[in-house]
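Student: Protein sequences appear in the order of chains A, B, C, D, E and F. Each residue of the first sequence is one higher than the last, beginning at 0 in numbering that gives the first Met the number 0. Each residue of the second sequence is one higher than the last, beginning at 0 in numbering that gives the first Met the number 0. Each residue of the third sequence is one higher than the last, beginning at 0 in numbering that gives the first Met the number 0. Each residue of the fourth sequence is one higher than the last, beginning at 0 in numbering that gives the first Met the number 0. Each residue of the fifth sequence is one higher than the last, beginning at 0 in numbering that gives the first Met the number 0. Each residue of the sixth sequence is one higher than the last, beginning at 0 in numbering that gives the first Met the number 0. Sharing a structure below in structure tokens format, with a few things to ask.
6 protein chains.
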Amino acid sequence: MVPTDANFMGDVFGGVILAEVDRAAYVTARRHARQNCVTASFDRVDFLRPVHVGDVVDFDARLTYVGRSSMEVLVEVRAEDLSGGEPRLVGTAYVTMVAVGSDRRPSAVPPLTPETEDERRRFEEGKRRMQERRSSRPNALAHHEIHDP
Amino acid sequence: MVPTDANFMGDVFGGVILAEVDRAAYVTARRHARQNCVTASFDRVDFLRPVHVGDVVDFDARLTYVGRSSMEVLVEVRAEDLSGGEPRLVGTAYVTMVAVGSDRRPSAVPPLTPETEDERRRFEEGKRRMQERRSSRPNALAHHEIHDP
Amino acid sequence: MVPTDANFMGDVFGGVILAEVDRAAYVTARRHARQNCVTASFDRVDFLRPVHVGDVVDFDARLTYVGRSSMEVLVEVRAEDLSGGEPRLVGTAYVTMVAVGSDRRPSAVPPLTPETEDERRRFEEGKRRMQERRSSRPNALAHHEIHDP
Amino acid sequence: MVPTDANFMGDVFGGVILAEVDRAAYVTARRHARQNCVTASFDRVDFLRPVHVGDVVDFDARLTYVGRSSMEVLVEVRAEDLSGGEPRLVGTAYVTMVAVGSDRRPSAVPPLTPETEDERRRFEEGKRRMQERRSSRPNALAHHEIHDP
Amino acid sequence: MVPTDANFMGDVFGGVILAEVDRAAYVTARRHARQNCVTASFDRVDFLRPVHVGDVVDFDARLTYVGRSSMEVLVEVRAEDLSGGEPRLVGTAYVTMVAVGSDRRPSAVPPLTPETEDERRRFEEGKRRMQERRSSRPNALAHHEIHDP
Amino acid sequence: MVPTDANFMGDVFGGVILAEVDRAAYVTARRHARQNCVTASFDRVDFLRPVHVGDVVDFDARLTYVGRSSMEVLVEVRAEDLSGGEPRLVGTAYVTMVAVGSDRRPSAVPPLTPETEDERRRFEEGKRRMQERRSSRPNALAHHEIHDP
Numbered sequence: 000m001v002p003t004d005a006n007f008m009g010d011v012f013g014g015v016i017l018a019e020v021d022r023a024a025y026v027t028a029r030r031h032a033r034q035n036c037v038t039a040s041f042d043r044v045d046f047l048r049p050v051h052v053g054d055v056v057d058f059d060a061r062l063t064y065v066g067r068s069s070m071e072v073l074v075e076v077r078a079e080d081l082s083g084g085e086p087r088l089v090g091t092a093y094v095t096m097v098a099v100g101s102d103r104r105p106s107a108v109p110p111l112t113p114e115t116e117d118e119r120r121r122f123e124e125g126k127r128r129m130q131e132r133r134s135s136r137p138n139a140l141a142h143h144e145i146h147d148p
Numbered sequence: 000m001v002p003t004d005a006n007f008m009g010d011v012f013g014g015v016i017l018a019e020v021d022r023a024a025y026v027t028a029r030r031h032a033r034q035n036c037v038t039a040s041f042d043r044v045d046f047l048r049p050v051h052v053g054d055v056v057d058f059d060a061r062l063t064y065v066g067r068s069s070m071e072v073l074v075e076v077r078a079e080d081l082s083g084g085e086p087r088l089v090g091t092a093y094v095t096m097v098a099v100g101s102d103r104r105p106s107a108v109p110p111l112t113p114e115t116e117d118e119r120r121r122f123e124e125g126k127r128r129m130q131e132r133r134s135s136r137p138n139a140l141a142h143h144e145i146h147d148p
Numbered sequence: 000m001v002p003t004d005a006n007f008m009g010d011v012f013g014g015v016i017l018a019e020v021d022r023a024a025y026v027t028a029r030r031h032a033r034q035n036c037v038t039a040s041f042d043r044v045d046f047l048r049p050v051h052v053g054d055v056v057d058f059d060a061r062l063t064y065v066g067r068s069s070m071e072v073l074v075e076v077r078a079e080d081l082s083g084g085e086p087r088l089v090g091t092a093y094v095t096m097v098a099v100g101s102d103r104r105p106s107a108v109p110p111l112t113p114e115t116e117d118e119r120r121r122f123e124e125g126k127r128r129m130q131e132r133r134s135s136r137p138n139a140l141a142h143h144e145i146h147d148p
Numbered sequence: 000m001v002p003t004d005a006n007f008m009g010d011v012f013g014g015v016i017l018a019e020v021d022r023a024a025y026v027t028a029r030r031h032a033r034q035n036c037v038t039a040s041f042d043r044v045d046f047l048r049p050v051h052v053g054d055v056v057d058f059d060a061r062l063t064y065v066g067r068s069s070m071e072v073l074v075e076v077r078a079e080d081l082s083g084g085e086p087r088l089v090g091t092a093y094v095t096m097v098a099v100g101s102d103r104r105p106s107a108v109p110p111l112t113p114e115t116e117d118e119r120r121r122f123e124e125g126k127r128r129m130q131e132r133r134s135s136r137p138n139a140l141a142h143h144e145i146h147d148p
Numbered sequence: 000m001v002p003t004d005a006n007f008m009g010d011v012f013g014g015v016i017l018a019e020v021d022r023a024a025y026v027t028a029r030r031h032a033r034q035n036c037v038t039a040s041f042d043r044v045d046f047l048r049p050v051h052v053g054d055v056v057d058f059d060a061r062l063t064y065v066g067r068s069s070m071e072v073l074v075e076v077r078a079e080d081l082s083g084g085e086p087r088l089v090g091t092a093y094v095t096m097v098a099v100g101s102d103r104r105p106s107a108v109p110p111l112t113p114e115t116e117d118e119r120r121r122f123e124e125g126k127r128r129m130q131e132r133r134s135s136r137p138n139a140l141a142h143h144e145i146h147d148p
Numbered sequence: 000m001v002p003t004d005a006n007f008m009g010d011v012f013g014g015v016i017l018a019e020v021d022r023a024a025y026v027t028a029r030r031h032a033r034q035n036c037v038t039a040s041f042d043r044v045d046f047l048r049p050v051h052v053g054d055v056v057d058f059d060a061r062l063t064y065v066g067r068s069s070m071e072v073l074v075e076v077r078a079e080d081l082s083g084g085e086p087r088l089v090g091t092a093y094v095t096m097v098a099v100g101s102d103r104r105p106s107a108v109p110p111l112t113p114e115t116e117d118e119r120r121r122f123e124e125g126k127r128r129m130q131e132r133r134s135s136r137p138n139a140l141a142h143h144e145i146h147d148p
């Protein structure tokens, strides 16, 4: 994290963190989908601890749920002060990415097959979150090209 | 929005939009608080329509609720294709900013006095959202320097 | 305005301000022309007050005069110190933009119809300035693809 | 010149050129003054030919006139298409820089001693331009910390 | 890797890769040294395969040898085309970093204790390379503040 | 050199210098080749003196040897502290660039005809270095599209 990412006390802007979260989610989703992806939504993100200029920040992203064309990616953000100490959890984010074809409409992606007990639990939770997101998405979306039946 | 903000189909990354949302919220909160501010949380953000490289994007930010040291800022994002057409609503975000003193702890800010009927309604809604955020914030926050009694 | 825009005393480079002035003029001209535009000239710009890192800078651009394919845009630059105080006028710039077609030659744009007394006065002044610019433009321009009869 | 500096036809924004002009003028003035400098004004700049993404652009800056604390720098801008052809003159700019002390007020600089006939002529012309600038500077300047008696 | 990092055929500049290699080496050395570090040298780097815009590039850095105040870091660079295929080795680099104290002179760092057979072999090879670098470093270095007896 | 290029003591990252070295080598090679070029290798680079934020850095690049499709470029890097003092040699780098055609394979370039005694000596030395580089290049190169018989 470099000086231009920060305010005048050296705290990194939360939005700069989210921009990197999105990039990590994009790479993870695109690698699975093997086609172009766009961000459909960010769930609420709480910033648990401040990040400072000079910290090394790690974005650990993994797929938790995959629908027909949408994918939920969990990104855990950890910051490490290089002067000492362990990486600290800074925040977690669930990002929904949608694969889109060259016609810019949602496009089917390979299924995700959870294998461990833990992965299966996360998959079911992700499925539930996805359903909640859809039912609470603003109306404007009804007329929108990105939806995922 | 310039080429490096976008994927290979010219869609601007959602995270780039959020980084600007945060900057707009920061300016709005800092102008009210007259002291340094940090981002405490972003509520869920749905991207209702894609933004393309070359669009002019407008971030309209205003204070909706102000507590002792935390402020809720509503940011409405609109994108305009300069080749024609009206600006379109792309998404809305509620950002919670906290004023912090030179000791990096939450610091009191001037109150917000809603004047119109509409402002009063938004204020009450913002107060309710703030209470919900606090009750559902991850446990890690309990040990965290940023809280706002 | 962020640190990389500034010298070592925290004064923002004048050229960084002009780059943003140009961008504001481009958006204003392109929105009117509904086609690509290039910068033909900047009139003299005096920097009336310094801008500092951390100031929020506002670029207020409007069309003052429109010829066949060239447009004059007035950009007023104001800087606001977020720690307090009103925005201060930092400088004003007249930028001449020319609409260009896909053959990269000047291309006609819709006329501008000034409506208020003030707009009509500005329009006449802009017309005069445009004539002066043309008569004093360096000879090299005679051989140049961008001219506007 | 890289893609983000350009519009969608690959023409580099004039303002991006001016930002580099200012940087070249700053280095030239600062090297002479051995102290911090700020930009006081840009004379009118005509863009004689377009610059394209991928061109190598050369900024040739030299001092033409030096007063007590202000310096006039002439910057000639040339663009070279690396696929072939000579560098072409794109524009010229006169930039006025003022040396400022740690109190942020104008500070005296070493004199410039023109040596060749050509340098003496440029010096006299620069002196005349400096006087014209002062007499036509907006009133706001009267109250401004940067002036150079 | 984004557009501004590349030439006009979409090949990423080798120097952009090296800038990231240096950053990875810096983080690795600084984490070990717990103090500021500067780059003393890059060994020869061959670019084995081109990297393209849109590839995800991974920089895997580890300490191979540690002297009194200098550290050798091996960085392996792999590029992955997100449309499919495994990450490919693009190049490897040995970077020598030196820990420097607040007086800007070399400062002792904790020793490195190789544990596996492989680590011990790499350590001995690193030691040999470090000796060769010192004996062949340009004379100018003799007068230089950064040396490591 | 601006703040984001530097660590926290104001020393510019060596990798940032190398990125600019590469750009200078690219421009020099491309101007000679009149076609696209990619970086094949960097010889060892020793950083003889630190570069600080605010220094003006000069990259002096020239062709020393030209083979069928590969070119050796010598880049000398000098840093100047604008507060006073002469530019100091910071490091030198030999960069090997290869011209590539639209099929992305090495493509013949015009020969270089050394004229002075000094140029002839450099040419012969460059030829020897090129042969050494080829014989010691990693095996991976055997399967690589960029080679220069």
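In this text, a Cβ means the ideal position worked out from N, Cα and C, and glycines have one as well. From a predicted model like this one, the values you see are computed outputs, not experimental measurements.
#1: Let's test the definition: count the other Cβ atoms within 10 Å of the Cβ of ASP45 of chain B and tell me whether it reaches 16, buried, or not, exposed.
#2: In angstroms with no decimal places, state the Cα-to-Cα distance between VAL65 of chain A and PRO137 of chain B.
#3: Does the distance between the C-beta of ASP42 of chain C and the nearest non-hydrogen atom of the ligand GDP fall short of 7 Å?
#4: Start and end of the beta strand (DSSP E) containing ASP59 of chain F?
#5: Comparing alpha-carbon positions, which option in E:MET0, E:GLY83, E:VAL15 and E:ALA28 lies nearest SER82 of chain A?
#6: Could you check if THR112 of chain D is buried or exposed, using at least 16 other CB atoms within 10 Å of its CB as the buried criterion?
#7: What are the boundary residues of the beta strand (DSSP E) that MET96 of chain B is part of?
#8: To the nearest whole angstrom, what separates the beta carbons of VAL74 of chain D and ALA24 of chain D, a pair I think is in contact under 8 Å?
#9: So GLY14 of chain B and VAL20 of chain A are supposed to be a Cβ contact under 8 Å. How far apart are they, rounded?
#10: For ALA5 of chain E, which residues of its own chain have a beta-carbon under 6 Å away from its beta-carbon, when the five flanking residues on both sides are left out?
#11: Cα separation between ARG103 of chain B and PHE7 of chain A?
#12: In whole angstroms, give me the CA-to-CA distance for ASP147 of chain A and ASN35 of chain A.
#13: Report the rounded CA-to-CA distance for ASP42 of chain D versus HIS31 of chain D, giving the unit in angstroms.
#14: Identify every residue that forms a DSSP beta bridge with MET70 of chain B.
#15: In chain order, what residues of the same chain have a beta carbon less than 8 Å from the beta carbon of GLU85 of chain A, not counting five sequence neighbours either side?
#16: Within 10 Å of its beta-carbon, does SER69 of chain A have 16 or more other beta-carbons around it, so buried, or fewer, so exposed?
#17: For ARG22 of chain C versus ARG48 of chain C, is the C-beta spacing smaller than 8 Å?
#18: Does SER40 of chain C come within less than 8 Å of chain D when only Cβ atoms are used?
#19: Taking the alpha-carbon positions, what's the VAL152 of chain A to THR95 of chain B distance?
#20: Could you pull the start and end residues of the beta strand (DSSP E) that SER40 of chain B belongs to?
#21: So, at 8 Å on beta carbons, what are the nonlocal neighbours of PHE150 of chain D in its own chain, with the 5 sequence-adjacent residues on each side left out?
#22: What does SER82 of chain C reach in chain B if we use C-beta pairs closer than 7 Å?
#23: When the distance is taken between beta carbons, is VAL97 of chain E closer than 8 Å to VAL37 of chain E?
#24: Under three-state DSSP, which class holds GLU19 of chain C?
#25: Go to ARG133 of chain C, then tell me how far its alpha helix (DSSP H) extends in each direction, as first and last residue.
#26: For the stretch 41-65 of chain C, list every residue whose C-beta sits within 8 Å of some C-beta in chain D, in sequence order.
#27: Mind checking whether GLU71 of chain A and TYR93 of chain A have CB atoms under 8 Å apart?
#28: Taking Cβ positions only, does VAL37 of chain B come closer than 8 Å to chain C?
#29: Give the DSSP-derived three-state secondary structure of ARG30 of chain F in the structure shown.
#30: Are ARG67 of chain C and ALA107 of chain C close, meaning C-beta to C-beta below 8 Å?
#31: Report the option in E:ASP54, E:ARG33 and E:ARG132 whose CA atom is closest to the CA atom of GLY100 of chain E.
#32: Could you compute how far the alpha carbon of THR3 of chain B sits from the alpha carbon of ARG133 of chain A?
#33: If we ignore side chains and look at the alpha-carbon of each, how far apart do THR91 of chain A and VAL89 of chain F end up?
#34: Determine the contact status of ALA18 of chain C and ALA60 of chain D, defining contact as a CB-CB distance below 8 Å.
#35: Check the DSSP bridge columns for ARG77 of chain B and list the partner residues they point to.
Tutor: To lay it out plainly:
#1: buried
#2: 25 Å
#3: As presented, the structure is devoid of all ligands, the ligand GDP included, so that no description of it is given.
#4: 55-65
#5: E:ALA28
#6: exposed
#7: 87-98
#8: 6 Å
#9: 6 Å
#10: VAL11 and VAL52
#11: 12 Å
#12: At ASP147 of chain A the pLDDT is 42, less than 50, meaning the model places this residue with poor confidence and gives no usable figure here.
#13: 21 Å
#14: B:VAL65 and B:MET96
#15: GLU79
#16: buried
#17: no
#18: yes
#19: No information on residue 152 of chain A is available, as it lies outside the stretch 0 to 148 that chain A covers here.
#20: 36-41
#21: Residue numbering for chain D in the displayed model covers 0 to 148; residue 150 of chain D lies beyond these limits and cannot be assessed.
#22: ARG33
#23: yes
#24: helix
#25: 116-135
#26: PHE41, ASP42, ARG43, VAL44, ASP45, PHE46, LEU47, ARG48 and PRO49
#27: yes
#28: no
#29: helix
#30: yes
#31: E:ARG33
#32: 30 Å
#33: 44 Å
#34: no
#35: B:ASP57 and B:LEU88
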